[in-house]
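Student:
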Amino acid sequence: MKTKPSIMVLSALAILSLGITPAMAQQPVHLWSHGFGGTSWDQGTSIAVDADGNVIIAGSFQGTMNLGGGNLTSAGDRDIFLAQFGPGGAHQWSKSFGGTGYDEATAVAVDPAGYVLVTGRFENTINFGGGALISAGGPDIFLARFGPTGGHNWSKRFGSTGWDEGLALVADISGGAIMAGAFEGAVQFGNTSSLYSAGGQDIFVARYSASGSPHWAQSFGGTASDRAEALAMDSAGDIIVTGIFAGTVDFGGGGLVSSGYDAFVAKYTATSHQWSQRFGNTGDDIGTAVATDGDNNVVVAGSFQTSIDLGGGAIWDNGGGDIFFAGFNGAGVHQWSQGLGGSSVDEAHSLVCDPYGGILLTGYFWDITNFGGDDLASAGYADVFLARFTSSGAHQWSTSFGSTGYDYGLGVALSGVGKVHTTGMFQGAVDFGGGVLTSAGSSDIFVARYGPEPAAPFISSIEDIGNDQGRLVKVRFVRSGFDVAFSSTSIVSYELYRRDDPAPAFQWGPHDRSLRADGWTFVGSVPAHAEPSYGIDAPTIGDSTISLGDYYSTFFVRAAAAAAGTFYDSAPDSGYSIDNLAPGVPAGLAYNTGTLTWDESRAEDFDYFTVYGANTQVFGAATVVDYCVAPTMDITAAGCVFYFVTATDFSGNEGAAAMINTASGVGGTPKDYVLSVSAYPNPFNPSTTVRYTLPARGRVTVAVYDARGARVATLVDADQDAGAYTERWDGRDGAGRTMSSGVYFVRVDHPAGTKAYKMVLLK
């Protein structure tokens, strides 16, 4: 009977990342806030953040105001403004556009290259920098694109003699735009034929390339007024739209019939309808905000009156109209839903999903309300709220800002490292966390930035460093909230400490967070440069092995400030290292009258040998004969012609095989060492083992790519001999962030060529 040496299966969690959730669950830390305005009505309507952390806001104003770059003066009733601020809040550029009528920017977006897109409506004549645009009658839709420094790229108008307006906008990864809103009459969106509304206003969705060329446009509507209020795009490029409709409207999946004015949510691929749903009662119900998370779940918010059923049963308002808030999976199946609000009017205006599994929501409320934590009480009439929930809708924190007047939160956006940005309008005196801002007139614009993490850094992942003999991990951490430009507290460096007393050999989880003050050793540091995150290679106390189990080392990160004695410590976190290098090919393999012999392994962490047999020189066709520790085996009963011997270490790394032909007594290299790659299990969750073979020694890169071709993680980048190798991918990217469900490819690049293999991560 074949008896494999006893092993203990390693935990699937090779990386423990406990720092994210506790930090993100705390109240936001104010980083900066600004107020801008003149003596009239001014408001920030929409906000976006580019890849460098620059903040772009758009909205409308009347009269004269200064956003930091000099006075802007409206030409007529209300004009459009567009402005960009650096990560530290410094003004970078600002512009205004408008004519003698009422002009308003309603949505702004930014593409991966930093190009800014803006939409809204205008009356009469407007010039965004590319020549005059003239409305056809009533308000017309505009769509404009600007470069990263504010230079005009292109601008377009669309409209009829009726009321037309762009209300929602997203930028795709290629720099194109998807725009939605409402129109009346006949409107040509740049394609060959016009769209016609069926009654009052109808919904439109249109897509354009980075150069402004039209891709397609669609309309949906009935005999009443219907509007798209918000858009989102998921990681697959699918489009989700929400808004309001009345009567009967077919969004592509059959007619939906409203009970009054109802909210809708619909999802589309680039070419077809996927699903659509309606929600509402006899009151006025409207979807005002939508977003998707890393797993392509859909989160929607809006307002409802009396009651609404989003798929989980009826939700009743508390009076005056409340907020509905719900999550659906990518197929449109209800996951959770709830109502938010007090006895007066409460409205949600914008939401975004953060990379840590949270949802940020902003809007306004009157009187007293509760989002799941402590009661919030408005200081006057309407106050701004900002709240964070988990991906399942559970409350984490909520806060409010306001004066004795009317204050509205109208937009929320995130930077790549989870900083929260919000804009809207305020009256009177409001403290957004950095001191009181006072409006200059009827209402002013506000823009504010908050850090989701406290002053202390937090460890985001502890990963084993591949292709080594162990005893090293990469500790990655997110910076201190003070490690930003123009911070009041200057962070100069980060120091990494390891707990000295060793963990037990069978420590199956992280250490207690309540650790004594002594017993820590300094193991490395990195200077602070206002980077979003950092990494330090750190020595561990010992390696995890298959025979001994997970052997954890515990670390914490200290952010050291310029002021002597001022520092901020992360919570401790734990991870383990493993030996990734397999033993060499067993040497001296020989056959003599039914017995194989070979040399002892020189690997210090050698565990056992495996003998395989086959009647062909192809190693892939071989099956296990037996396992042994001594370098000899009686193979009389096996009855094979070719035999292969490998060595495996305590970490489970199996080396390349030696081969012998018992008929001739001649050894050699197995013939199946051609370039190949595969993965098992597949589909997988949470990890899979990548197996690849190399035909000759050379530089090899093994990397994981997403469906768009972007590199997600590098598993190997080293010189390797001919042979078979395995590497584990734990479903995380190079920064230690968990990837969403979807299709991925593992690719092997070698001087002999390139091979790729499709993998599916299912959660």
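First residue of the sequence shown: 1201, per this note's numbering; consecutive thereafter.
By construction, the Cβ of each residue, glycine as well, lies at the ideal position given by its N, Cα and C atoms.
Helix, strand or coil for Phe1819? Go by DSSP, reduced to three states.
Tutor: Locating residue 1819 in the sequence shown gives position 619, where the first residue counts as 1. DSSP places Phe1819 in helix when its eight states are reduced to three.
Student: Can you check the region 1489-1518 for any beta strand (DSSP E) of at least 3 residues that lies completely inside it and give the ranges in chain order?
Tutor: As far as the region 1489-1518 is concerned, its whole beta strand (DSSP E) runs of at least 3 residues are 1498-1504, 1507-1509, 1514-1516.
Student: So what does DSSP say about Pro1704, is it helix, strand or coil?
Tutor: Translated into positions along the sequence shown, residue 1704 becomes position 504. Residue confidence for Pro1704 is low, a pLDDT of 37 falling below 50, so the modelled location carries little weight; the figure read from the coordinates is stated next. It is coil, neither helix nor strand.
Student: Contact check, Ala1430 vs Val1490 under 8 Å by CB: the rounded distance?
Tutor: Mapped onto the sequence shown, residue 1430 falls at position 230. Mapped onto the sequence shown, residue 1490 falls at position 290. Ala1430 to Val1490, Cβ: 5 Å. Contact.
Student: CB-CB under 6 Å to Thr1954, same chain, minus the five flanking residues each way: which ones, in chain order?
Tutor: The sequence position of residue 1954 within the sequence shown is 754, counting from 1. Cβ neighbours of Thr1954 beyond the five flanking positions: none.
Student: Classify Asp1434 as helix, strand or coil using the three-state DSSP reduction.
Tutor: Numbered from 1 along the sequence shown, position 234 holds the residue referred to as residue 1434. Looking at Asp1434 - three-state DSSP - the assignment turns out to be coil, as it is neither helix nor strand.
Student: Helix, strand or coil: which one does DSSP assign to Gly1563?
Tutor: As a first step, residue 1563 must be located in the sequence shown, where it is residue number 363. It is a strand residue.
Student: Taking three-plus beta-carbon pairs below 8 Å as touching, is the region 1267-1284 in contact with the region 1243-1259?
Tutor: yes
Student: For the region 1438-1453 against the region 1462-1480, do three or more pairs of beta-carbon atoms, one drawn from each stretch, fall closer than 8 Å, so that the two count as touching?
Tutor: yes
Student: Could you give the residue range of the beta strand (DSSP E) that holds Cys1553?
Tutor: For the purposes of this step, residue 1553 is identified with residue 353 of the sequence shown, where counting begins at 1. Segment 1546-1553, the beta strand (DSSP E) holding Cys1553.
Student: Can you tell me whether Lys1619 is buried or exposed, with buried defined as 16 or more other CB within 10 angstroms of its CB?
Tutor: To locate residue 1619, count along the sequence shown from 1; it is residue 419. With 16 or more other Cβ atoms within 10 Å, it is buried.
Student: Around the C-beta of Ala1251, are 16 or more other C-beta atoms found within 10 angstroms, so that it is buried, or is it exposed?
Tutor: Here residue 1251 refers to the residue found at position 51 of the sequence shown. Counting Cβ neighbours within 10 Å, Ala1251 comes out exposed, since fewer than 16 surround it.
Student: For Ser1261 versus Gly1286, is the C-beta spacing smaller than 9 Å?
Tutor: Locating residue 1261 in the sequence shown gives position 61, counting from the first residue. Locating residue 1286 in the sequence shown gives position 86, counting from the first residue. Here residue 1261 turns out to be Phe, not Ser, going by the sequence shown. Result no, Cβ atoms of Phe1261 and Gly1286 do not sit closer than 9 Å.
Student: What residues are listed by DSSP as bridge partners for Phe1646?
Tutor: On the sequence shown, residue 1646 is found 446 positions in, with the first residue counted as 1. Gly1235, Gly1624, per the DSSP bridge assignment.
Student: Kindly indicate which three-state DSSP category Pro1348 falls into: helix, strand or coil?
Tutor: Mapped onto the sequence shown, residue 1348 falls at position 148. Reduced to three states, the DSSP call for Pro1348 is coil.
Student: Taking the alpha carbon of Thr1231 as the reference point, which residue from Ser1592, Ala1655, Gly1362 has its own alpha carbon closest?
Tutor: Within the sequence shown, numbered from 1, the residue matching residue 1231 stands at position 31. Note that residue 1231 is Leu in the sequence shown, not Thr. Nearest C-alpha to Leu1231: Ala1655.
Student: Return the CA-CA distance between Leu1715 and Lys1963, expressed in angstroms with no decimal places.
Tutor: As a first step, residue 1715 must be located in the sequence shown, where it is residue number 515. As a first step, residue 1963 must be located in the sequence shown, where it is residue number 763. Confidence is the limiting factor: at Leu1715 the pLDDT is only 38, short of 50, which leaves the residue's position unreliable and the question unanswerable from this model.
Student: Using 8 Å for Cβ pairs, my map puts Gly1855 next to Ala1863. What's the rounded Cβ distance?
Tutor: The residue given as residue 1855 occupies position 655 in the sequence shown. The residue given as residue 1863 occupies position 663 in the sequence shown. Between Gly1855 and Ala1863, the beta carbon gap of about 25 Å keeps them out of contact (Cβ cut-off 8 Å).
Student: Between Val1370 and Ile1403, is the Cβ-Cβ spacing less than 9 Å?
Tutor: Position 170 of the sequence shown, counted from the first residue, corresponds to residue 1370. Position 203 of the sequence shown, counted from the first residue, corresponds to residue 1403. Not closer than 9 Å, so no.
Student: Rounded to whole angstroms, what's the CA-CA distance from Cys1828 to Thr1740? Just pull it up for me.
Tutor: Counted from its first residue, the sequence shown places residue 1828 at position 628. Counted from its first residue, the sequence shown places residue 1740 at position 540. Computed Cα separation, rounded: 31 Å.
Student: Could you give the distance in angstroms between the alpha-carbon of Val1785 and the alpha-carbon of Val1877?
Tutor: Here the question's residue 1785 lines up with position 585 in the sequence shown. Here the question's residue 1877 lines up with position 677 in the sequence shown. Their backbone Cα atoms lie some 20 Å apart in a straight line.
Student: Under 8 Å by Cβ, that's how I've got Phe1322 and Phe1358 pegged, so tell me the actual separation to the nearest angstrom.
Tutor: Numbered from its first residue, the sequence shown carries residue 1322 at position 122. Numbered from its first residue, the sequence shown carries residue 1358 at position 158. Taking the Cβ atoms as the reference, Phe1322 lies roughly 11 Å from Phe1358, outside the contact range of under 8 Å.
Student: Assuming Phe1342 and Gly1375 form a contact by the criterion Cβ under 8 Å, report the distance between their Cβ atoms to the nearest whole angstrom.
Tutor: In the sequence shown, counting from the first residue as 1, residue 1342 sits at position 142. In the sequence shown, counting from the first residue as 1, residue 1375 sits at position 175. With a Cβ gap of about 18 Å, Phe1342 and Gly1375 do not count as contacting.
Student: Based on the DSSP output, what are the partners of Cys1828 in its beta bridges?
Tutor: Taking the first residue of the sequence shown as 1, we reach residue 1828 at position 628. In the DSSP output, where bridge partners are listed per residue, Cys1828 has Phe1809.
Student: Going by alpha carbons, who is nearest to Ile1633 out of Lys1356, Gly1651, Gly1527?
Tutor: On the sequence shown, position 433 is the one that residue 1633 refers to. Per the sequence shown, the amino acid found at residue 1633 is Gly instead of Ile. The option with the nearest alpha carbon to Gly1633 is Gly1651.
Student: For Ser1206 and Phe1850, what's the separation of their Cα atoms in angstroms?
Tutor: Position 6 of the sequence shown holds residue 1206. Position 650 of the sequence shown holds residue 1850. The predicted position of Ser1206 is uncertain, since its pLDDT is 31 and thus under 50; no value can be drawn from it.
Student: Looking at C-beta atoms only, is the number of pairs between the region 1540-1548 and the region 1563-1583 that lie closer than 8 Å three or more?
Tutor: Segment contact: the region 1540-1548 against the region 1563-1583, three or more CB-CB distances shorter than 8 Å; contact assigned.
Student: For Ala1309, which residues of its own chain have a beta-carbon under 6 Å away from its beta-carbon, when the five flanking residues on both sides are left out?
Tutor: Sequence index remark: in the sequence shown, residue 1309 carries index 109 (1-based). Around Ala1309: Ala1248, Leu1317, Leu1369, Val1370, Ala1371.
Student: Just how far apart, CA to CA, sit Phe1565 and Gly1527?
Tutor: The residue labelled residue 1565 in the question sits at position 365 within the sequence shown. The residue labelled residue 1527 in the question sits at position 327 within the sequence shown. The alpha-carbon atoms of Phe1565 and Gly1527 are separated by roughly 22 Å.
Student: Given a threshold of 16 other Cβ atoms within 10 Å of its Cβ, counted over all protein chains shown, does Asn1529 qualify as buried or as exposed?
Tutor: The residue labelled residue 1529 in the question sits at position 329 within the sequence shown. Exposed: under 16 other Cβ atoms inside 10 Å.
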